[in-house]
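Visitor:
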Ligand SMILES: NC(=O)c1ccc[n+]([C@@H]2O[C@H](COP(=O)([O-])OP(=O)(O)OC[C@H]3O[C@@H](n4cnc5c(N)ncnc54)[C@H](O)[C@@H]3O)[C@@H](O)[C@H]2O)c1
Ligand SMILES: NC(=O)c1ccc[n+]([C@@H]2O[C@H](COP(=O)([O-])OP(=O)(O)OC[C@H]3O[C@@H](n4cnc5c(N)ncnc54)[C@H](O)[C@@H]3O)[C@@H](O)[C@H]2O)c1
Ligand SMILES: [Zn+2]
Ligand SMILES: [Zn+2]
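Chains as they are written, first to last, in my numbering: chain S, 2 to 362; chain W, 2 to 362.
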């Protein structure tokens, strides 16, 4: 079992990683007999894991209600959020309730924002079931729903009570979703930890095979890296924004292609290649590093070029609308070496578009 | 000009009270030339004050967009909240925008929650235009919207950048709304400040006449009292809950009568009388104090009895569902003398119902 503490003063919490945790009542501490909880999940996960989790909670006399949402990014919106509130109120849940998110990033983001807002804040436990949620979205306290006019535009910074990663979940995860999670894993190596990047170059095949020892180490290291960044900069005033490597380009791909056609990690993989090429053009990154990034992404089953039907200028309107654009100035996180990244401001539209061209087949 | 500081560490802010502040660009500091803001108001206030505020901001080159909502408590919900987000996104407002709430508690609560949630938090200025908003809802950082199944069930604790009280607003406020605000004013006297209660006994007629000197002092004192409580207990773990005097009974009246038929302050006035009678029955409050409370409420134009059509047992289901009920135990804030109140737990349903009967015509 691996344990990491996310250090945030009074709101510090633990991430626990092991196989079989959903069957262990200790995973749900500090919940205790007599407590009330609301399990939030989607139809897919409900079929696979809901009864297992319910059973574990009921064994220790925790009263569990449940709300089962439809599956998909398109349901991460205010009206589905309202369904969670309705379930809570219909079942008379008070301020002392605990929301439990069983699912990937969509369920985690929705449930986290519901927990932040219900009666102005109730307790909240994350049971992330996708690799992406385990290494990224469940750590750091960002919660959100989408608006028709923009992704993650409505939300809160809100920390869970704990994060419980049961590795056995990953066995049922579609392979494309696994690769998508690996994009964020590789991202940590690129921006923060050259040694971890080397470890990934050595162990990428074991991760694809979901070898439990390799996977546990990989998730722990990613959580440690993210936890460190979040502890230093909870509300993204500084270093936390490095985590957005590849996301400015990637969000343009997701938005333009329609959410769900390109998975988040797939878009981010192509976006990281574009960021790498931007850095290469500015003489901030070596050709060798660009090629190591490219090779590792390919081995992880990820795309390294953008969608064929997207022209370089089709990225621009999305990039201009990005939350990271302050006062109209183009800002981008760029890798400067394996293990290092920096924020660059004042980039020209031409540079941004040329890097897209560099990443076309 | 009266100024009070609400002390909350890095999130401290000032409340400024004077006549004519909406016409003074200094009221909107730290906003400065080139900044962007979104004015949120309703149809009634837009007709009265929107141009005045817009003009003041535009004079110092602040770019102002606006969203004008329908007027009424029934619009304090998630779908109207979404209209604010839509306006922000359609006008490309970024994280550096500032929301400005121009209106009573409804606009303040909606706008505050929008500011807390838009891109996970943007700046926010309160321009409260009802007495209730000036002495109560604009101070303390509680924001919320209603759910069909409960009032203020969805929200956040979120502090404004500043609160600007322009006393001239009150001239256009309907007299019933003015009285409703006085209910919260009187509440502060009862729970926290015997001297202020005496001051109110002396000056209540001047307040009804909106004498600017008396009103400025009254609002300042209320804000000071609330600010003190909020600074000591921002998230209502302890002393802040005293501010709920009369609200448990009052919410039952509002819910049962349909929101809007009884104004909030009217319901709270009757609720405070019920709380006073509960305390009297438990020998915690003197007859004299009960009668002083009653007289002052009547002089402020407020009801001191519940709605005739509500039977004592019709209060119970609402009281049981109250946020203040923890683990099914009945808790109530009760006055123990003019200037003092305490939380009582373990009350019986019988006591609660008898006090309702004591307050029937
Ligand atoms: N809060 C943050 O900091 C943060 C960070 C990154 C991403 N996100 C958000 O996360 C979301 C993406 O998360 P995701 O990639 O986990 O997508 P997801 O939650 O949609 O899950 C992907 C798919 O896999 C299914 N699934 C999940 N776990 C499974 C399992 N164990 N077995 C079988 N199927 C399973 C889901 O039902 C879904 O169909 C996006 O909305 C993104 O904005 C948030
Ligand atoms: N956040 C808090 O801490 C807190 C505390 C108390 C109450 N509240 C909330 O506040 C709301 C009640 O606020 P309210 O009593 O201000 O009601 P309100 O905002 O509905 O205003 C009352 C009426 O007066 C009108 N009005 C406002 N200012 C006016 C003016 N200067 N001239 C003419 N008309 C004017 C409004 O358009 C409305 O019709 C409730 O939703 C309640 O839940 C919040
Ligand atoms: Zn991501
Ligand atoms: Zn009130």
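We treat Cβ as the ideally placed atom computed from N, Cα and C, and that holds for glycine.
(1) Output yes or no for whether 8 angstroms exceeds the beta carbon distance between residue 302 (chain W) and residue 198 (chain W).
(2) How big is the Cα-Cα spacing for residue 2 (chain S) and residue 62 (chain W)?
(3) Just the chain W side, please: which residues come within less than 7 angstroms of residue 320 (chain S) by C-beta, in chain order?
(4) Assuming the contact rule is C-beta atoms closer than 8 angstroms, residue 186 (chain S) and residue 275 (chain S) should be a hit. Round their C-beta distance to whole Å, please.
(5) Suppose you measure from the CA of residue 133 (chain S) to the CA of residue 69 (chain W); what does that come to, to the nearest Å?
(6) Got a sec: is the Cβ-Cβ distance from residue 248 (chain W) to anything in chain S below 8 angstroms?
(7) Taking the alpha carbon of residue 255 (chain S) as the point to measure from, which residue in S:184, S:104, S:166 and S:307 has its own alpha carbon closest?
(8) Does the Cβ of residue 334 (chain W) lie closer than 7 angstroms to at least one heavy atom of ligand 2?
(9) Check whether the Cβ of residue 36 (chain S) lies closer than 7 angstroms to any heavy atom of ligand 1, and answer yes or no.
(10) Taking only three categories from DSSP, how would you classify residue 194 (chain W)?
(11) By how many angstroms is the C-alpha of residue 295 (chain W) removed from the C-alpha of residue 336 (chain W)?
(12) Let me check you understand the geometry: is the CB of residue 141 (chain W) closer than 7 angstroms to at least one non-hydrogen atom of ligand 2?
(13) Would you say residue 93 (chain S) reaches chain W, if we count a Cβ-Cβ gap shorter than 8 angstroms as a contact?
(14) Identify which residue in W:350, W:90, W:75 and W:293 has its Cα closest to the Cα of residue 152 (chain S).
(15) Look at the alpha carbon of residue 242 (chain S) and the alpha carbon of residue 97 (chain W), and state the distance between them as a whole number of angstroms.
(16) Over what stretch of residues does the beta strand (DSSP E) that includes residue 102 (chain S) continue unbroken?
(17) Does any residue of chain W have a CB that is nearer than 8 angstroms to the CB of residue 151 (chain S)?
(18) Between residue 285 (chain W) and chain S, is any beta-carbon pair separated by less than 8 angstroms?
(19) Can you tell me which of the three DSSP states residue 345 (chain S) falls into?
(20) Using beta carbons (cut-off 8 angstroms, strictly below), is residue 79 (chain S) in contact with chain W?
(21) Nearest by alpha-carbon distance to residue 58 (chain S): which of S:36, S:278 and S:74 is it?
(22) Hey, would you say the C-beta of residue 137 (chain W) is under 7 angstroms away from at least one heavy atom of ligand 4?
(23) Under a CB-based cut-off of 8 angstroms, is residue 118 (chain W) close to chain S?
(24) Under 8 angstroms between the Cβ atoms of residue 109 (chain W) and residue 129 (chain W)?
(25) Just to confirm the assignment, what range does the beta strand (DSSP E) spanning residue 67 (chain W) have?
(26) Quick check: the Cα distance between residue 202 (chain W) and residue 131 (chain W), rounded to an integer number of angstroms?
(27) Hey, does residue 154 (chain S) have any beta-carbon neighbour from chain W nearer than 8 angstroms?
(28) Determine whether the Cβ of residue 145 (chain W) lies closer than 8 angstroms to any Cβ atom of chain S.
(29) Going by DSSP in three states, residue 15 (chain W) sits in which element: helix, strand or coil?
(30) Just how far apart, CA to CA, sit residue 113 (chain W) and residue 215 (chain S)?
(31) Is the segment 162 to 171 of chain S touching the segment 23 to 37 of chain S in the sense that three or more CB pairs, one from each, lie closer than 8 angstroms?
(32) Roughly how many whole angstroms lie between the Cα atoms of residue 359 (chain W) and residue 209 (chain W)?
(33) Let me confirm a value: residue 56 (chain W) is counted as buried when at least 16 other C-beta atoms fall within 10 Å, else exposed. Which label applies?
(34) At 7 angstroms on the CB atoms, spell out the chain W contacts of residue 86 (chain S), in chain order.
(35) By the criterion of Cβ-Cβ separation under 8 angstroms, what are the contact partners of residue 90 (chain W) in chain S?
(36) Based on the DSSP output, what are the partners of residue 210 (chain W) in its beta bridges?
Guide: Based on what the coordinates show:
(1) On the second chain, residue 302 (chain W) is found 301 positions in, with the first residue counted as 1. On the second chain, residue 198 (chain W) is found 197 positions in, with the first residue counted as 1. No; because the gap between Cβ atoms is not below 8 angstroms, this pair is not in contact.
(2) Residue mapping note: residue 2 (chain S) aligns to position 1 of the first chain, counting from 1. Residue mapping note: residue 62 (chain W) aligns to position 61 of the second chain, counting from 1. Rounded to the nearest whole angstrom, the CA to CA distance from residue 2 (chain S) to residue 62 (chain W) is 58 angstroms.
(3) Counted from its first residue, the first chain places residue 320 (chain S) at position 319. For a Cβ distance threshold of 7 angstroms, nothing in chain W lies close to residue 320 (chain S): the least Cβ distance comes to about 13 angstroms.
(4) Taking the first residue of the first chain as 1, we reach residue 186 (chain S) at position 185. Taking the first residue of the first chain as 1, we reach residue 275 (chain S) at position 274. Going by Cβ atoms, the distance from residue 186 (chain S) to residue 275 (chain S) rounds to 19 angstroms, so no, they are not a contact pair.
(5) As a working mapping, residue 133 (chain S) is identified with position 132 in the first chain. As a working mapping, residue 69 (chain W) is identified with position 68 in the second chain. Approximately 40 angstroms, taken between the alpha carbons.
(6) The residue you call residue 248 (chain W) lines up with position 247 of the second chain. Judged by the 8 angstroms Cβ criterion, residue 248 (chain W) is not in contact with chain S.
(7) Within the first chain, numbered from 1, the residue matching residue 255 (chain S) stands at position 254. For residue 255 (chain S), the nearest C-alpha among the options comes from S:307.
(8) Against the second chain, residue 334 (chain W) aligns to sequence position 333. No, the beta carbon of residue 334 (chain W) sits no closer than 7 angstroms to any heavy atom of ligand 2.
(9) The residue you call residue 36 (chain S) lines up with position 35 of the first chain. False, no ligand heavy atom lies under 7 angstroms from that Cβ.
(10) Locating residue 194 (chain W) in the second chain gives position 193, counting from the first residue. Reduced to three states, the DSSP call for residue 194 (chain W) is coil.
(11) Start at 1 with the first residue of the second chain, and residue 336 (chain W) comes out as number 335. Start at 1 with the first residue of the second chain, and residue 295 (chain W) comes out as number 294. If I take the Cα positions, the gap works out to 13 angstroms.
(12) Counted from its first residue, the second chain places residue 141 (chain W) at position 140. Taking 7 angstroms as the cut-off, the C-beta of residue 141 (chain W) counts as close to a heavy atom of ligand 2.
(13) Mapped onto the first chain, residue 93 (chain S) falls at position 92. So, interface residue.
(14) Position 151 of the first chain, counted from the start, is the residue given in the question as residue 152 (chain S). When each option's Cα is compared against that of residue 152 (chain S), the closest is W:90.
(15) In the first chain, the residue the question calls residue 242 (chain S) occupies position 241. In the second chain, the residue the question calls residue 97 (chain W) occupies position 96. Cα-Cα distance, rounded: 16 angstroms.
(16) Translated into the one-based positions of the first chain, residue 102 (chain S) becomes position 101. Per DSSP, the continuous beta strand (DSSP E) segment holding residue 102 (chain S) begins and ends at 99 to 104.
(17) Along the first chain, read from residue 1 onward, the residue named residue 151 (chain S) stands at position 150. At least one chain W Cβ lies under 8 angstroms of residue 151 (chain S).
(18) In the second chain, residue 285 (chain W) corresponds to position 284, counting from 1. Not closer than 8 angstroms to any Cβ of chain S, the Cβ of residue 285 (chain W) fails to qualify, so no.
(19) Against the first chain, residue 345 (chain S) aligns to sequence position 344. Correct three-state label for residue 345 (chain S): strand.
(20) Position 78 of the first chain holds residue 79 (chain S). Yes, its Cβ sits closer than 8 angstroms to a Cβ of chain W.
(21) Start at 1 with the first residue of the first chain, and residue 58 (chain S) comes out as number 57. Selected option, being the one with the closest Cα: S:36.
(22) For the purposes of this step, residue 137 (chain W) is taken as the residue at position 136 of the second chain. Yes.
(23) On the second chain, residue 118 (chain W) is found 117 positions in, with the first residue counted as 1. By this cut-off, residue 118 (chain W) is an interface position.
(24) Here residue 109 (chain W) corresponds to residue number 108 of the second chain, with the count starting at 1. Here residue 129 (chain W) corresponds to residue number 128 of the second chain, with the count starting at 1. Closer than 8 angstroms, so yes.
(25) On the second chain, position 66 is the one that residue 67 (chain W) refers to. Where residue 67 (chain W) is concerned, the enclosing beta strand (DSSP E) stretches over 64 to 70.
(26) For the purposes of this step, residue 202 (chain W) is identified with residue 201 of the second chain, where counting begins at 1. For the purposes of this step, residue 131 (chain W) is identified with residue 130 of the second chain, where counting begins at 1. Near 22 angstroms, if we compare the C-alpha coordinates of residue 131 (chain W) and residue 202 (chain W).
(27) For the purposes of this step, residue 154 (chain S) is taken as residue 153 along the first chain, with counting starting at 1. Residue-level contact by beta carbon holds for residue 154 (chain S) and chain W, with a gap shorter than 8 angstroms.
(28) Numbered from its first residue, the second chain carries residue 145 (chain W) at position 144. Yes, contact with chain S.
(29) Indexing the second chain from 1 puts residue 15 (chain W) at position 14. Note: residue 15 (chain W) maps to strand in three-state DSSP.
(30) For this step, residue 113 (chain W) is matched to residue 112 along the second chain. For this step, residue 215 (chain S) is matched to residue 214 along the first chain. Distance between the alpha carbons of residue 113 (chain W) and residue 215 (chain S) is about 46 angstroms.
(31) yes
(32) In the second chain, counting from the first residue as 1, residue 359 (chain W) sits at position 358. In the second chain, counting from the first residue as 1, residue 209 (chain W) sits at position 208. In a straight line, the C-alpha of residue 359 (chain W) is about 28 angstroms away from that of residue 209 (chain W).
(33) Walking along the second chain from the start, residue 56 (chain W) turns up at place 55. With fewer than 16 Cβ atoms within 10 Å of its Cβ, residue 56 (chain W) is classed as exposed.
(34) Within the first chain, the letter at position 85 stands for residue 86 (chain S). Per Cβ cutoff of 7 angstroms: 148, 154 and 155.
(35) Within the second chain, numbered from 1, the residue matching residue 90 (chain W) stands at position 89. Contacts between residue 90 (chain W) and chain S, judged by CB atoms closer than 8 angstroms, involve 148, 150, 151 and 154 in chain order.
(36) As a position in the second chain, residue 210 (chain W) is number 209, starting the count at 1. BP columns for residue 210 (chain W) are empty, so no partner.
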